[in-house]
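Engineer: There's a structure below that I have some questions on.
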Amino acid sequence: AFTPRVFSGIQPSGGLTLGNYLGAIRRFVDMQESGIQTLYCMVDLHAITVWQDPDALRRQTRELAAGYIAAGIDPAKSILFNQSQVPEHAQLAWIFNTVARMGWMQRMTQWKDKAGKNAQNASLGLFAYPALMAADILLYHATHVPVGEDQKQHVELTRDIAAKFNHDYGVDFFPMTEPVIEGAATRVMSLRDGSKKMSKSDPSDMSRINMTDDADAIANKIRKARTDADALPGEPDGLAERPEARNLVNIYAALSDSDVASVLRDVGGRQFSEFKPMLADLAVAKLSPISTEMARLMQAPDEIDAIIGAGAQEARKIATPILEKTYDIVGM
Ligand code: ADP
Ligand code: NA
17 AFTPRVFSGI
27 QPSGGLTLGN
37 YLGAIRRFVD
47 MQESGIQTLY
57 CMVDLHAITV
67 WQDPDALRRQ
77 TRELAAGYIA
87 AGIDPAKSIL
97 FNQSQVPEHA
107 QLAWIFNTVA
117 RMGWMQRMTQ
127 WKDKAGKNAQ
137 NASLGLFAYP
147 ALMAADILLY
157 HATHVPVGED
167 QKQHVELTRD
177 IAAKFNHDYG
187 VDFFPMTEPV
197 IEGAATRVMS
207 LRDGSKKMSK
217 SDPSDMSRIN
227 MTDDADAIAN
237 KIRKARTDAD
247 ALPGEPDGLA
257 ERPEARNLVN
267 IYAALSDSDV
277 ASVLRDVGGR
287 QFSEFKPMLA
297 DLAVAKLSPI
307 STEMARLMQA
317 PDEIDAIIGA
327 GAQEARKIAT
337 PILEKTYDIV
347 GM
């Protein structure tokens, strides 16, 4: 039996979005308060699988740390760190590169989406991304990984890698990690296209709400969000064929700590002209304290660097013995 332990990460590949906040960070904060040991990471090694300007990467890594802290990750309760400062991630990832099979990687939908038709020109790191993610998780023997819907397949692959390692070496060393995908906003969609997830890497800034957007920007993006012309339904079934409407209601439910059915009991029958300003007010009320605190922290980069430097030391205390034992099992 493995002691319950939580790990998750976010790429510092751009500003944090509302999708990251509702699908990931809010869940991270909940788990931090559950009494289980929690480790949260800026996964910069993942970010560079697609080109990152070095100065932008440095700034975005600090900004992500500020976002975590401003949204409620408490460095006294959670280990908060930067992936590249714990070299054991890359070391274990290499072992897993020898365990994972090419065919497993080729089936990953994120690989297919991100490499697209130009796979020959994608980086080798982008292809191997899920093996590094497995290393992130298993380096701490993490039993639970809170993620958005889009990462479910990668957590399943992590289990496949753990199972094959355990089987090949005849050990019961790595746990079968569970994804934790909960809440009303496990998949926040683009505001411009109800078939695409909201992402920091979407070229259109109007497609997403950034955690650093001010009240005017948030209200403007919600006002311009694509919707249909019908009034809101009274119950969740009425959203089945209406992805854009469903997305806005999901966001409202998640921001108000409610669920879709209760929200629709209140707002069913209203037009978007009425609902959008309600959603904008709610989003501003919930997000502006976070963006204000992020801005304050960004004025104190030394404070951020000290927190994540200490976090890396703490993370290594767990990681080092697990990597050493892995090497021993492999015969190194
Ligand atoms: P991005 O897709 O914005 O680059 P990451 O790949 O760094 O984000 O994902 C970090 C975490 O945020 C993951 O747990 C991911 O599932 C979650 N996440 C990202 N986008 C969304 C979204 N639109 N809705 C819900 N969760 C999301
Ligand atoms: Na992602």
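Numbering (UniProt numbering), first residue to last: 17 to 348. Ideal placement from N, C-alpha and C gives every residue a C-beta, glycine not left out. If you're wondering where the values come from, they're calculated on a predicted model, not measured in any experiment.
1) At what residue ranges does the stretch 114-178 contain a whole run of the beta strand (DSSP E), taking only runs of 3 or more?
2) Can you tell me the Cα-Cα spacing of R208 and I267, whole angstroms?
3) Less than 8 Å separating the beta-carbons of I41 and R21?
4) Helix, strand or coil for K213 per DSSP?
5) Less than 7 Å separating the Cβ of D69 from some heavy atom of the ligand ADP?
6) Residues in the same chain with beta-carbon distance under 6 Å from P191, minus the five sequence neighbours each way, listed in chain order, please.
7) Looking at M214 and K240, is the spacing between their C-beta atoms short of 8 Å?
8) Taking its Cβ as the centre, do 16 or more other Cβ atoms sit within 10 Å of D152, making it buried, or is it exposed?
9) How about L313 and A82: do their beta carbons lie closer than 8 Å?
10) Tell me which residues share the same chain as I95 and place their Cβ nearer than 6 Å to its Cβ, disregarding the 5 neighbours each side in the sequence.
11) Could you name each continuous alpha helix (DSSP H) segment of 4 residues or more that falls completely within the stretch 178-236, going from the start of the chain to the end?
12) Please state whether DSSP places L55 in a helix, a strand or coil.
13) Any heavy atom of the ligand ADP closer than 7 Å to the beta-carbon of T33?
14) Over what stretch of residues does the beta strand (DSSP E) that includes F97 continue unbroken?
15) Just checking my contact of L248 with L280 at CB under 8 Å: how many whole Å lie between their CB atoms?
16) Rounded to the nearest angstrom, what separates H105 and E290 at their Cα positions?
17) Return the first residue and the last residue of the beta strand (DSSP E) that F18 is part of.
18) Is K213 near the ligand ADP, judged by its Cβ being under 7 Å from some heavy atom?
19) Along the chain, where does the alpha helix (DSSP H) containing I85 start, and where does it finish?
20) What is the C-beta distance between P146 and M205, in whole angstroms, given that I count them as a contact (C-beta under 8 Å)?
21) Hey, would you say the C-beta of I95 is under 7 Å away from at least one heavy atom of the ligand ADP?
22) With Q101 and V59 assumed to form a contact (beta carbons below 8 Å), what rounded beta-carbon distance in angstroms separates them?
23) Please look up how many angstroms separate the CB atoms of A200 and A269, rounded, as I've assumed it's under 8 Å.
24) The alpha helix (DSSP H) with A331 in it runs from where to where?
25) Beta carbon of L173, beta carbon of M124: below 8 Å?
26) Return the chain-ordered list of same chain residues with a C-beta closer than 8 Å to the C-beta of K341, the five sequence neighbours on each side being excluded.
27) Would you call Q315 buried or exposed, if buried means 16 or more other Cβ atoms sit within 10 Å of its Cβ?
28) Give me the DSSP bridge partner(s) of T33.
29) Tell me the rounded alpha-carbon separation between R43 and P293.
30) Under the three-state reduction of DSSP, which class applies to G25: helix, strand or coil?
Structural biologist: This is what the structure holds:
1) Counting only runs of 3 or more, we get 160-162.
2) Each residue's Cα considered, the two are about 15 Å apart.
3) No, the pair does not count as a contact, with Cβ atoms beyond the cut-off.
4) Strand at K213.
5) If you check the C-beta of D69 against the ligand ADP, you find no heavy atom less than 7 Å away.
6) For P191, where only same-chain residues beyond five positions count, the Cβ hits under 6 Å are F18, H157 and T159.
7) No, these two residues do not count as a Cβ contact at 8 Å.
8) So D152 ends up on the buried side.
9) The Cβ atoms of L313 and A82 sit closer than 8 Å to each other.
10) Its chain contains L55, G327, E330 and A331 as the residues whose beta carbon lies nearer than 6 Å to that of I95, once the 5 sequence neighbours on both sides are disregarded; these appear in chain order.
11) Whole alpha helix (DSSP H) segments, 4+ residues: zero.
12) Under the three-state reduction of DSSP, L55 is assigned to strand.
13) When distances are taken from the beta-carbon of T33 to the heavy atoms of the ligand ADP, the shortest one is below 7 Å.
14) Note, F97: beta strand (DSSP E), S94 to N98.
15) Separation of the CB atoms of L248 and L280 is rounded to 7 Å, and the pair is thereby assigned contact status at 8 Å.
16) Computed Cα separation, rounded: 49 Å.
17) First-last for F18: undefined, no H or E at that position.
18) For K213, the Cβ falls inside the 7 Å cut-off from some heavy atom of the ligand ADP.
19) In this chain, the alpha helix (DSSP H) harbouring I85 covers P70 to A86.
20) The Cβ separation is near 23 Å, so there is no contact.
21) With a cut-off of 7 Å, the C-beta of I95 is classified as distant from the ligand ADP, since no heavy atom of the ligand falls inside that distance.
22) Rounded, the Cβ-Cβ distance is 12 Å, inconsistent with contact.
23) Yes, they are in contact, since the Cβ atoms of A200 and A269 sit about 4 Å apart, within 8 Å.
24) For A331, the enclosing alpha helix (DSSP H) starts and ends at P317 to V346.
25) In this structure, M124 lies closer than 8 Å to L173 by Cβ.
26) Cβ within range, chain order: F189.
27) With fewer than 16 Cβ atoms within 10 Å of its Cβ, Q315 is classed as exposed.
28) T33 is bridged to N226.
29) Linking R43 to P293 through their CA atoms gives a straight-line distance of about 26 Å.
30) Residue state for G25 is assigned as strand, using DSSP reduced to three classes.
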